[in-house]
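Some notes on the structure that comes next.
Chains as they are written, first to last, in the numbering used here: chain R, 356 to 747; chain V, 16 to 422.
Spelled out as structure tokens, the structure:
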């Protein structure tokens, strides 16, 4: 980020740069950068040095965060009281608290001025720390991992903010020309997506980009948001993004094309691509040390825990997700109709079209563990599930 | 003598129907009108049953006119009605029994309840009614609703299966009478007179606080002493009138010493340095000595109040934390001396959920056993030791189970 620009100016400039070129040419020239892959079999003592090494491999955290305010969007999808079996949430569908703690610690060590953990937890305006406690996490541990750590529930306006922040999407966006989010997504110098490696029932996969779907406040975009003003507290989930059954509260622009398909497989990947283009990610971390397959949460049919034992880190979210897909045994160039995008569009392609990065593995420098060595084939698990489903 | 009461159906006039009670724990009949069932009453007494009428229960018994427990069903859609959270609306007598235990100490507590006229009654809610009352130290006066009454009279096998399971549930609690002497464990106190203009708000706070699996202690204003506040982290004063000077002084001293005092607007304004953390939309929270006072600025909806209280107090103090629990409500009790505990778990859906349940129980516990209505002996459960807590991985709970903990 150029130091002489304000955060707002920088976001506008990033969006403007994308606007200057048509989709196709941006796709071919989109940044790839370096992506680090590492095996990490547990959340034990090996985690911190592994992450530290990975950050060094992509250029070092100091250059990115020193003296900066860092916002980290973590993934706490669904209710904190809903587990997959007896498993702790961080071992299946939430970003692991150990990875969050290690990342925060390393950022603090690298000189981050302030680190703010962000998430829009399910159906509540309660403080994020309280949601973490319900998940059986201890937020005090995260708060003590670096000098200044803050927490923000971004599913609503927030306890102190007066207004929401506006994020225009390059080229007018696939689904919406602008998104209206909690101020914390603007009030930061560095934006990090710290995601879990998972399949996703609607979008095929959920990695660093899909994690940003949860940036959107349900007070505006949720099932229960009012027609006009945002509600003071969120009610329900993001059904309208999936089904298009209604428009957001009027504080946010309506969707670009009211005749677009009312189908989650079309809409959700486009919303995700829009969000990533509108609110650029500076550091993408996809942790798959422990995770789950066949869906993004315990509510999906046929889900089960898996232990991929892998972490992927990069400065470009599209490239990082492309490498993550390859580690999962999927082809990031796959399009609708082929796994994992049997019933949806490829979010990576849509993000690429907005100039957010490249999914072409030939244009991405992969460092650390080679993809083939880190491979944990979600694709093979999927193939077997699909085969079993066809056999009835 | 401990009575196991049965509300005898008025239409069962044939004394031969008493054969149903042979070999069961039921030892007492409640009749609508003895004069209309004289022969039956006479035979019942010969059979060793005690006979009472509904209007004149035995001395020493306190009757609670309760609700038919369970998830409230919508007849239109045959689906669960929603409560204020969007979660199913649960009807329970637990809070009323806890309150009666404080208001009528030493009395035997009976719950009488029959379903509303248009209520959908699933047969298993009869087993639930037994567990709902017995787990809270009371006894449900057995009442056979609608179809079950007809089915049992006709000796229908499905109805008799429910009847048997209901009686087995009664036996289960009879065999564990010592549990009834355990004291409710909670670190949140609710201080009120629970009557008059304060009754609705205070009792609904009890009901809805329990629904959130937040155990509490009931504190009568008139009997409050400094000792009653010992061990509590927080106290709610929900009443619609300012406290007496003595009560105010006592509660302020509680906050001064480090407690959290949550008060209704009728308490009057509070002053002091704002407490740390994010501002709460419905509370003014100020420091007071080593503790805090949270003055509610809105206090209309008891559900919102009980949810807010939990957040102001913080989930850090959760005594019971469930995952995948659905409509299970816990009742945490401590044995005298505090070295043992039983956490009763009542599933108001009266059917097992599809997900595995786990529960974190705060306390110095080293081991746990699980008791299920359906099993004669204890069930081994996997546990995970945490700092000041034990996480227990539970089997399915169709209606009721209990975790028996040892320090």
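Glycine residues also receive a C-beta, built at the ideal position from the N, C-alpha and C atoms. Model, not experiment: these values are computed from the prediction.
- Under the 8 angstroms criterion on CB atoms, residue 576 (chain R) is classed as non-interfacial with respect to chain V.
- Contact between the stretch 109-128 of chain V and the stretch 173-180 of chain V is absent: fewer than 3 CB-CB pairs across the two stretches fall below 8 angstroms.
- When the beta-carbon positions are compared, residue 714 (chain R) and residue 700 (chain R) stay at least 8 angstroms from each other.
- For residue 106 (chain V), no chain R residue has a Cβ inside 7 angstroms of its Cβ, as the nearest lies near 21 angstroms away.
- At a Cβ-Cβ threshold of 8 angstroms, residue 40 (chain V) and residue 251 (chain V) do not count as neighbours.
- For the options R:459, R:519, R:510, the alpha carbon positioned closest to that of residue 547 (chain R) is the one of R:459.
- 8 angstroms or more divides the Cβ of residue 478 (chain R) from the Cβ of residue 643 (chain R).
- Contacts with chain V (Cβ-Cβ distance below 8 angstroms) from the stretch 640-671 of chain R involve 653, listed in chain order.
- Under the DSSP assignment, residue 647 (chain R) falls outside any alpha helix (DSSP H), being part of the beta strand (DSSP E) whose first and last residues are 646-648.
- Two segments are said to touch when three or more pairs of C-beta atoms, one from each, lie closer than 8 angstroms; by this definition the stretch 639-659 of chain R does not touch the stretch 612-630 of chain R.
- The Cβ-Cβ distance between residue 456 (chain R) and residue 496 (chain R) falls below 8 angstroms.
- Per the DSSP secondary-structure output, residue 733 (chain R) pairs with nothing in a beta bridge.
- Cα atoms of residue 688 (chain R) and residue 147 (chain V): separation of roughly 57 angstroms, rounded to the nearest angstrom.
- Nearest to residue 241 (chain V) by C-alpha distance, out of V:48, V:318, V:136, V:263, is V:263.
- The three-state reading of DSSP puts residue 200 (chain V) in coil, since its state is none of H, G, I, E or B.
- Taking one beta carbon from each stretch, the stretch 200-212 of chain V and the stretch 223-240 of chain V have 3 or more pairs nearer than 8 angstroms; the two touch.
- Apart from the 5 residues on each side of it in sequence, residue 476 (chain R) sits with its Cβ closer than 8 angstroms to the Cβ of 431, 435, 483, 486, 508, 510 in its chain, given in chain order.
- With fewer than 16 other beta carbons inside 10 angstroms of its own, residue 746 (chain R) counts as exposed.
- Sequence-distant Cβ neighbours of residue 197 (chain V) in its own chain, meaning closer than 7 angstroms and more than five residues away, are 348, 349, 350, 357.
- Contact annotation: residue 381 (chain V) and residue 422 (chain V) have beta-carbon atoms nearer than 8 angstroms.
- Going by beta carbons, residue 567 (chain R) and residue 630 (chain R) fall inside the 8 angstroms limit.
- Straight-line spacing of the CA atoms in residue 120 (chain V) and residue 469 (chain R) works out to 56 angstroms.
- Against chain V, the beta carbon of residue 537 (chain R) has no neighbour under 9 angstroms; the closest one sits roughly 13 angstroms away.
- In this structure the stretch 215-222 of chain V touches the stretch 105-124 of chain V; the number of beta carbon pairs closer than 8 angstroms is three or more.
- DSSP places residue 170 (chain V) in the coil class of the three-state scheme, outside both helix and strand.
- When secondary structure is reduced to three states using DSSP, residue 83 (chain V) falls in the coil class, being assigned neither helix nor strand.
- Residue 408 (chain V) carries a strand assignment under DSSP once its states are collapsed to helix, strand and coil.
- Residue 373 (chain V) belongs to the set of residues whose beta carbon lies under 8 angstroms from a beta carbon in chain R.
- In the DSSP assignment, residue 337 (chain V) falls within the beta strand (DSSP E) that extends over 335-338.
- With fewer than 16 other Cβ atoms from the protein chains shown falling within 10 Å of its own Cβ, residue 582 (chain R) counts as exposed.
- The beta carbon of residue 466 (chain R) is closer than 7 angstroms to those of 417, 420, 421, 422 in its chain, skipping five residues each way along the sequence.
- About 6 angstroms separates the beta carbons of residue 288 (chain V) and residue 301 (chain V), which is inside the 8 angstroms limit, making them a contact pair.
- For residue 471 (chain R), the pairing in a beta bridge is given by DSSP as R:426, R:505.
- Here residue 498 (chain R) carries a helix assignment [DSSP, helix/strand/coil].
- Cβ atoms of residue 278 (chain V) and residue 239 (chain V) stay farther apart than 8 angstroms, at about 14 angstroms.
- Residue 21 (chain V) sits close to residue 44 (chain V), with the two beta carbons spaced by under 8 angstroms.
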